[in-house]
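If you read the protein sequences in the order shown, they are chains A and B. When you line the first sequence up against the working numbering, it's residues 1 to 333, in that order. When you line the second sequence up against the working numbering, it's residues 334 to 666, in that order. We put the beta carbon where it would ideally sit given N, CA and C, even for glycine.
Number of protein chains: 2
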Amino acid sequence: MRREPLIRKDAPSVEIGLNAAIVSVHKDEPVVLVVRETPDSIGAADSLPSGPFSPREHRTLEIGLRAWVHEQTGLDFGYVEQLYTFGDRGRHALAEDRDPHVVSIGYLALTHINETAELQRGTWHSWYQYFPWEDWRRGRPAIVDAQLVPRLKAWAEMPAMRATPNRPVERAERLRMCFGTDGGAWDEEKVLDRYELLYEAGLVDEARRDRPEIAIANTDGPQLGTPMIYDHRRILATAISRVRAKIKYRPVIFELMPNEFTLYELQKTVEAILGPHLHKQNFRRLVESAGLVEPTGQVKTRTGGRPAKLFRFRREVVLERPAPGVRVKPGRA
Amino acid sequence: MRREPLIRKDAPSVEIGLNAAIVSVHKDEPVVLVVRETPDSIGAADSLPSGPFSPREHRTLEIGLRAWVHEQTGLDFGYVEQLYTFGDRGRHALAEDRDPHVVSIGYLALTHINETAELQRGTWHSWYQYFPWEDWRRGRPAIVDAQLVPRLKAWAEMPAMRATPNRPVERAERLRMCFGTDGGAWDEEKVLDRYELLYEAGLVDEARRDRPEIAIANTDGPQLGTPMIYDHRRILATAISRVRAKIKYRPVIFELMPNEFTLYELQKTVEAILGPHLHKQNFRRLVESAGLVEPTGQVKTRTGGRPAKLFRFRREVVLERPAPGVRVKPGRA
DNA sequence: TCTAGAAATGCTCGTTTTGAGCATATTAAT
DNA sequence: ATTAATATGCTCAAAACGAGCATTTCTAGA
């Protein structure tokens with residue numbers, strides 16, 4: 001069974017972009033590190049730290065990523081994981097660019113913001129600036145019922161462009177799945193699905209930018225959330241989805257904490273990421289009985305009440321339990 | 334704050350390889366679709382269907398992947414998801430190749446094998462051929478205690494090459510985490526971690542191939558499992574890890590089933606993926622009460638006993654529950 | 001035809017986990 | 001001292017889970 005080798009020698013080349021969604025929690029606010037860029041052909045827009053992968057200089061993809069982030073912001077972070085590789089950085093590029101095509105790899109990094117500054121460039125922005133509909137800290141955000149749902153429903157009922165008779169049903173189902181319309185529940189992890197639905201419906205600026213012809217159908221009403229360059233908002237949505245899912249089964253929440261913390265500080269950090277739906281006493285029981293933390297013996301006074309015991313992360317927990325994390329149930333009221 | 338554009342125009346190009354780990358379950362055996370290749374410079378070896386991404390021909394990465402798989406095997410699959418992007422396809426390539434460097438994107442596809450054949454090329458191989466230590470269907474595999482653990486322990490205790498005093502501890506901890514030595518539990522999802530540990534320890538053929546100098550320390554004893562070309566075995570390990578994790582919170586198991594099936598057939602398929610640790614009556618209660626299936630009204634006779642009711646997947650479940658899946662607990666006896 | 005064997009299915013029961021809330025302790029501010 | 005705010009301990013009912021017994025309904029063979 002001899003055939004040509006799989007990898008042909010004349011295989012086309014593409015350029016690889018490395019992009020970092022660097023997430024932290026600062027004063028109970030979930031934030032992402034943003035650098036404002038002025039690329040040619042597109043107006044100034046928010047951007048994630050990023051740069052091309054250069055195999056000659058970077059031994060691995062991750063090393064390349066760290067180098068770019070350090071160069072652009074001065075930040076060195078610890079935890080990082082790869083999110084996803086996107087074949088088209090905004091379909092704009094896809095439609096118009098010639099080879100070499102650009103493929104972008106998104107990364108999620110988690111870090112604790114050291115008050116005694118270190119950032120040389122770039123700023124921390126609340127991630128809800130880009131996804132206001134994800135901010136459930138003060139209950140269901142008004143924008144959902146005022147903007148998203150009605151405009152998405154209109155889109156779902158739009159006559160299909162091409163002969164796809166089942167399209168309206170598909171759209172209505174996706175709408176229900178993403179936004180919990182018609183009795184469904186809001187799943188805090190579906191950040192990417194929601195963004196992609198809004199993109200397809202032409203309700204975010206990036207869609208108008210990439211596909212001007214679609215946007216015509218949906219110009220009545222403001223665009224939703226602050227846009228970003230290329231596909232960076234999609235990468236950020238992927239990052240939020242991932243971190244919201246991951247803290248439930250891996251102890252990554254501690255990447256966002258200082259070495260010592262009170263249980264309530266830990267809870268506040270979890271709630272900043274997930275949304276505020278945790279019962280204080282049960283949260284305490286959860287993290288203690290799971291062996292995620294151990295008391296340091298110290299207490300923190302000035303809490304506004306009784307002093308709180310300080311805890312630290314018990315690293316050994318990863319050796320003891322198969323999926324240690326803050327196992328709060330997804331999608332509750 | 335004006336600076337150079339992020340993406341430089343002289344950015345280096347790389348070649349992107351698309352690789353598919355196409356997984357199915359055939360007669361209670363988990364299998365993967367393998368094509369045997371004879372690439373230059375490396376002897377004949379098992380390979381996953383794969384090919385380079387060509388932005389000119391393929392509108393998206395996924396379309397490119399499907400095209401290559403179809404060309405190489407004749408198979409068209411349904412469900413597919415991206416796994417990971419590897420920056421080095423075996424460090425061999427990294428060390429010796431010149432630009433353009435190759436980056437490989439791994440995909441997981443799930444499909445149901447239609448008995449009335451369709452495969453033009455390639456063969457289905459049990460995935461345990463590549464990872465015999467993952468096969469717990471007849472209890473703890475002998476190879477774990479006979480080969481893996483002792484040889485890994487020797488490696489963990491090896492004097493570190495460079496000045497890294499804490500290395501032995503790190504190695505011992507990883508060993509414990511991956512293989513549950515010293516009282517830890519075996520976590521069926523850590524397939525990739527185990528493979529990478531074996532690679533680092535020089536116990537799989539790929540490590541010897543990529544880093545001949547390391548292998549010298551570990552030549553006493555057979556190499557473990559059938560090797561694959563490039564980094565394909567690592568991609569397969571990633572695929573197994575992913576599918577083992579994912580069936581617990583997404584109804585992907587039904588991608589492996591025919592339209593109608595009995596609950597026991599479903600259980601057998603889950604057990605083929607995860608390992609056999611399910612209580613029959615409780616499994617039934619689990620999938621029924623989760624609303625994952627609905628009876629068709631038909632029964633299947635010739636089961637060897639009382640006829641079994643036939644069920645089908647209830648697609649609506651994804652609209653009702655945030656994380657529908659076969660929620661068996663990870664890492665039990 | 002009758003019976004043993006095999007598998008499917010229904011059900012119980014004790015344990016563990018979870019959701020919710022009451023009660024008490026310890027601080028700071030007034 | 002009193003009050004407000006927070007930390008922390010504890011209880012209790014509901015739900016989920018793990019294990020096993022019992023019954024039903026088929027096939028195969030005496």
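Best match in B:Thr444, B:Tyr532 and B:Asp538 for proximity to valine 413 of chain B [C-alpha to C-alpha]: B:Thr444
Rounded separation between isoleucine 562 of chain B and leucine 416 of chain B - CA only: 18 Å
Complete beta strand (DSSP E) runs within the segment 67–148 of chain A (minimum length 3 residues, chain order): 79–86, 101–110 and 123–126
Residue-level contact to chain A via CB, alanine 666 of chain B, 9 Å cutoff: Confidence at alanine 666 of chain B is low in this model, with a pLDDT of 34, below 50, so its placement is unreliable and no value can be given for it.
Below-9 Å beta-carbon distance, methionine 561 of chain B vs any chain A residue: no
Test item: CB-CB of alanine 570 of chain B and leucine 525 of chain B under 9 Å: yes
Spatial distance of alanine 156 of chain A from glycine 202 of chain A (CA atoms): 12 Å
Under 8 Å from the C-beta of tyrosine 417 of chain B: neighbouring residues of chain A: Gln82
Residue of B:Val659, B:Leu652 and B:Phe587 minimising C-alpha distance to asparagine 615 of chain B: B:Val659
Start-to-end residues for the beta strand (DSSP E) that takes in isoleucine 349 of chain B: 346–359
C-alpha gap between glycine 297 of chain A and glutamate 320 of chain A, whole angstroms: 23 Å
Lysine 248 of chain A in three-state terms, based on DSSP: coil
Neighbourhood of glycine 420 of chain B by C-beta, 7 Å cutoff - its chain only, sequence neighbours within 5 removed: Val436
Every unbroken beta strand (DSSP E) inside the segment 290–323 of chain A [3 residues or more]: 293–300 and 308–313
Nearest residue (CA-CA) to glycine 554 of chain B, options B:Asp564, B:Arg542 and B:Val537: B:Val537
Any chain A beta carbon closer than 9 Å to histidine 359 of chain B: no
Contact under 9 Å by Cβ, glycine 74 of chain A with leucine 119 of chain A: yes
Same chain only: Cβ atoms within 8 Å of valine 585 of chain B, ignoring 5 sequence neighbours per side: Tyr412, Leu443, Val576, Lys579 and Gly658
Proximity winner among B:Leu485, B:Gly558 and B:Thr636, relative to leucine 596 of chain B (alpha-carbon distances): B:Thr636
Simplified DSSP assignment, three categories, for glycine 64 of chain A: helix
Own chain residues within Cβ distance below 7 Å of threonine 269 of chain A, not counting five before or after: Val25, Ile253, Leu256 and Met257
Which listed residue (A:Phe313, A:Ala154 and A:Gly305) has its alpha carbon closest to that of glutamate 288 of chain A: A:Phe313
Burial state of alanine 146 of chain A (16 or more Cβ within 10 Å): exposed
Span separating the alpha-carbon of leucine 508 of chain B from that of aspartate 468 of chain B: 18 Å
Neighbouring residues, chain B, relative to glutamate 173 of chain A (Cβ below 8 Å): Leu652
Under 7 Å from the C-beta of aspartate 520 of chain B: neighbouring residues of chain A: Pro322
Proximal residues of chain A, C-beta to C-beta of aspartate 421 of chain B below 8 Å: Thr60
Cut-off 6 Å between Cβ atoms - residues of its own chain near alanine 95 of chain A, not counting five sequence neighbours on either side: Because alanine 95 of chain A sits at a pLDDT of 48, beneath the cut-off of 50, its placement in the model cannot be relied upon, and the following sentence gives the value as read from the coordinates. For alanine 95 of chain A, where only same-chain residues beyond five positions count, there are no Cβ hits under 6 Å.
Proline 385 of chain B beta carbon less than 9 Å from that of leucine 366 of chain B: no
Beta bridge counterpart(s) of leucine 48 of chain A as assigned by DSSP: In the DSSP output, where bridge partners are listed per residue, leucine 48 of chain A has none listed.
Partner residues on chain B for histidine 101 of chain A, Cβ-Cβ distance less than 7 Å: Pro388
Interface residues of chain A facing glycine 517 of chain B [CB-CB closer than 8 Å]: Leu319 and Glu320
Where methionine 561 of chain B sits in the DSSP three-state scheme: strand
Beta-carbon proximity of valine 368 of chain B to serine 387 of chain B, cut-off 9 Å: no
Tryptophan 466 of chain B to alanine 518 of chain B span [Cα, whole Å]: 15 Å
Beta carbon proximity, isoleucine 438 of chain B to chain A, threshold 9 Å: yes
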